[in-house]
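In my numbering, the protein residues as written are 628 to 861. No residue lacks a Cβ here, since even glycine has one placed at the ideal position from N, Cα and C.
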Amino acid sequence: MTETITAPATGVREALYSRRSIRAFTDAPVADATLRELLTDAARAPSGGNLQPWSAYVLNGAATDAFRARIREAMKKHPFGEPPEYPVYPEDLPDPFRSRRRDIGELLYGTLGIPREDKAARLTQFARNFEFFGAPAAVFFAVERIMNVNQWAHLGMFQQSFMLAARERGLHTCPQEAWAIWHREVAAFCDIPDSQMLHCGIAVGHADPEAAVNHMQSPRAGLDDFVHFVAQDS
Ligand SMILES: Cc1cc2nc3c(=O)[nH]c(=O)nc-3n(C[C@H](O)[C@H](O)[C@H](O)COP(=O)(O)O)c2cc1C
628 MTETITAPAT GVREALYSRR SIRAFTDAPV ADATLRELLT DAARAPSGGN
678 LQPWSAYVLN GAATDAFRAR IREAMKKHPF GEPPEYPVYP EDLPDPFRSR
728 RRDIGELLYG TLGIPREDKA ARLTQFARNF EFFGAPAAVF FAVERIMNVN
778 QWAHLGMFQQ SFMLAARERG LHTCPQEAWA IWHREVAAFC DIPDSQMLHC
828 GIAVGHADPE AAVNHMQSPR AGLDDFVHFV AQDS
């Protein structure tokens, strides 16, 4: 069962409902100062013990272009990237998660007009991740290796805060775990210390309003599928 998403209101709800993963950006630039503001806002995210276990590495303009060029070269030698440092998905994903993952893939490739059997076109689309979908800026998010699953959750709060703050400034984002297969290249380019592990990148920029892929609305499970109001006598 999926929930129909209702019209957005204002404020945080507007940001929540207008955020979506954008997979076609224009080349309109984003100022360094704006990225600083977004990260300042995002750092208001809570974290247990106020550890603030996150680090962010910002690419903008020429640095983004240089990194794209580096990855293009790396892909010639290693088309499938590097073994990820963390398991991006559990092995043998059970339902309903498996179906949700399959369904969003079908929706994405359907929107792009790429048929299931066209593996080459699907791979080409996947590789667009490594161009940041054309975004002029991106932020890589890393967490101290000594941290555990609890602090990784706090990193997620920082990232969502960042994406919502971007909406208030008319910017859009795409979170990208795909970068897990290029963690060494990312670490080398951004000078990420060994004490930290890359989680993902988030592309940042202006959405191309002409691109159909940007109008794709991802579904959500209905509330009854994941919310449990617990009765007093249970
Ligand atoms: C941590 C994280 C990593 C993701 N990695 C990718 C990615 O590598 N490439 C991509 O196209 N989308 C990626 N997504 C986007 C998800 O597919 C998307 O959030 C989901 O389908 C819901 O759609 P929405 O973001 O438009 O609401 C990622 C999302 C998150 C939160």
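Item, Value
"Test item: CB-CB of HIS833 and ALA655 under 9 Å", "yes"
"CA-to-CA distance, GLY688 to ALA765, given in whole angstroms", "9 Å"
"Alpha-carbon spacing of ARG727 relative to PRO763, whole angstroms", "30 Å"
"Endpoints, the beta strand (DSSP E) within which ASN756 is located", "Here ASN756 belongs to no beta strand (DSSP E), and DSSP marks it neither H nor E."
"Through-space distance from GLN859 to GLN786, alpha-carbon basis", "35 Å"
"Host alpha helix (DSSP H) of GLN786 (start-end)", "776–795"
"Backbone secondary structure at MET628 - three-state DSSP", "Any answer about MET628 is weak, because its pLDDT of 43 lies below 50 and its placement is not dependable; what the coordinates show is given next. Note: MET628 maps to coil in three-state DSSP."
"PRO721 versus ARG729: straight-line alpha-carbon distance, rounded", "12 Å"
"Alpha helix (DSSP H) segments (min. 4 residues) lying fully within the region 719–756", "724–738 and 746–754"
"Own chain residues within Cβ distance below 7 Å of LEU686, not counting five before or after", "PHE694, ALA764 and ALA765"
"Candidates PRO710, MET774, GLU837 and MET790: closest to TYR644 by CA position", "MET790"
"Exposed unless 16 or more other CB atoms sit within 10 angstroms - verdict on ALA683", "buried"
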